[in-house]
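Trainee: If you want the numbering used here, it's the 1-based position in the sequence shown plus 2.
Ideal Cβ placement from N, Cα and C applies to all residues, glycine included.
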Amino acid sequence: MKLYRIKQFYWSLLSKIDKDDRKFVKYILNESELKLFYKLSISEQKHSIRVAYDVNKMCSMKNIDSTVLLKAALLHDIGKIYKRMSIIDKSILVLLDKITNGNIKNMCNFSKVNVYYNHAKLGSKLLNQINTNKNVIYLVANHDNSKVCANRELNILKECDNKN
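Here you go:
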């Protein structure tokens with residue numbers, strides 16, 4: 003877990019979107035979704051792109067249609083556009099979550115805490131407003147929900163998100 007968090011911190015500091023990344027994103031998302039996607043911080047965009055690349059590989063290996071999953075991978079953290087967080091903000095929240103055994107969730111009246119814990123719900127509402135595919139909305143809404151595990155597509159998204 004510690005090594006993973008260090009890797010995340012490092013990736014966040016060095017995140018860059020290249021021409022191939024932009025082409026990949028533009029191929030998958032429609033105009034409304036693209037506008038939202040580019041409101042994410044560069045590090046969140048790159049994270050989502052890495053998740054989507056992994057989803058693509060996994061779907062290819064398992065012979066699964068990746069259309070919905072790729073869109074969900076790129077948009078899974080879209081609720082984070084409501085409050086940008088620096089890498090320091092995120093690091094503090096991760097530490098506080100660990101120290102308080104998750105009780106920091108009770109402080110959702112602070113916007114950064116609220117977005118950190120509720121970005122999936124916020125993102126699904128946002129995607130619903132622009133008429134995104136219902137399956138994509140479901141995957142975005144539940145990508146951090148540990149209680150839902152009997153969905154193959156959701157499990158792929160969760161696995162790829164957790165790796166990145």
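Cα separation between D91 and V142?
Mentor: On the sequence shown, residue 91 is found 89 positions in, with the first residue counted as 1. On the sequence shown, residue 142 is found 140 positions in, with the first residue counted as 1. Between D91 and V142, the C-alpha separation is close to 23 Å.
Trainee: By DSSP, does V53 sit in helix, in strand, or in coil?
Mentor: Walking along the sequence shown from the start, residue 53 turns up at place 51. It is helical.
Trainee: For a test of the three-state rule: what should DSSP assign to I66, helix, strand or coil?
Mentor: The residue labelled residue 66 in the question sits at position 64 within the sequence shown. Coil at I66, not helix or strand.
Trainee: List the endpoints of the continuous alpha helix (DSSP H) containing A2.
Mentor: Any answer about residue 2 is impossible in this case: the structure gives the chain only from 3 up to 166.
Trainee: Roughly how far, in whole angstroms, is the beta-carbon of C162 from the beta-carbon of A74, given that I think they are within contact range, below 8 Å?
Mentor: In the sequence shown, residue 162 corresponds to position 160, counting from 1. In the sequence shown, residue 74 corresponds to position 72, counting from 1. With a Cβ gap of about 10 Å, C162 and A74 do not count as contacting.
Trainee: Might you give, ordered along the chain, the residues of its own chain that have their beta carbon closer than 6 Å to the beta carbon of Y119, omitting 5 neighbours on each side?
Mentor: Within the sequence shown, the letter at position 117 stands for residue 119. Cβ neighbours of Y119 beyond the five flanking positions: K107.
Trainee: So I132 and E46 are supposed to be a Cβ contact under 8 Å. How far apart are they, rounded?
Mentor: Numbered from 1 along the sequence shown, position 130 holds the residue referred to as residue 132. Numbered from 1 along the sequence shown, position 44 holds the residue referred to as residue 46. I132 to E46, Cβ: 18 Å. No contact.
Trainee: Among the residues of its own chain, which have a CB less than 8 Å from the CB of V115, if the five just before and after it don't count?
Mentor: Walking along the sequence shown from the start, residue 115 turns up at place 113. L95, I106, K107, M109, listed in sequence order.
Trainee: Would you kindly check if the distance between the Cβ of G81 and the Cβ of A54 is under 8 Å?
Mentor: Counting from 1 along the sequence shown, the entry for residue 54 is found at position 52. Counting from 1 along the sequence shown, the entry for residue 81 is found at position 79. Not closer than 8 Å, so no.
Trainee: Going by CA-CA distance only, name the one from L38, L98, K37, R52 that's closest to I19.
Mentor: Within the sequence shown, the letter at position 17 stands for residue 19. The candidate whose alpha carbon is nearest that of I19 is R52.
Trainee: Relative to the C-alpha of K41, which candidate in T134, D79, H145 has its C-alpha closest?
Mentor: The sequence position of residue 41 within the sequence shown is 39, counting from 1. Nearest C-alpha to K41: D79.
Trainee: Please confirm whether N135 and V70 have their CB atoms less than 8 Å apart.
Mentor: Your numbering for residue 135 matches position 133 in the sequence shown. Your numbering for residue 70 matches position 68 in the sequence shown. Going by C-beta atoms, N135 is nearer than 8 Å to V70.
Trainee: Helix, strand or coil, according to DSSP, for M2 in the structure here?
Mentor: The question about residue 2 has no answer here: the residues shown for the chain are numbered 3 through 166.
Trainee: So, at 7 Å on beta carbons, what are the nonlocal neighbours of L159 in its own chain, with the 5 sequence-adjacent residues on each side left out?
Mentor: Within the sequence shown, the letter at position 157 stands for residue 159. Correct list, in chain order: V57, L71, A74, A75, H78, L141, H145.
Trainee: Compute every distance between the C-beta of D163 and the non-hydrogen atoms of the ligand PLP, then say whether any falls below 7 Å.
Mentor: The model on display carries no ligand, and the ligand PLP is accordingly not part of it.
Trainee: Please name the residue in N65, K21, I30, K48 whose C-alpha comes closest to that of E155.
Mentor: Position 153 of the sequence shown holds residue 155. The shortest C-alpha separation from E155 is found at N65.
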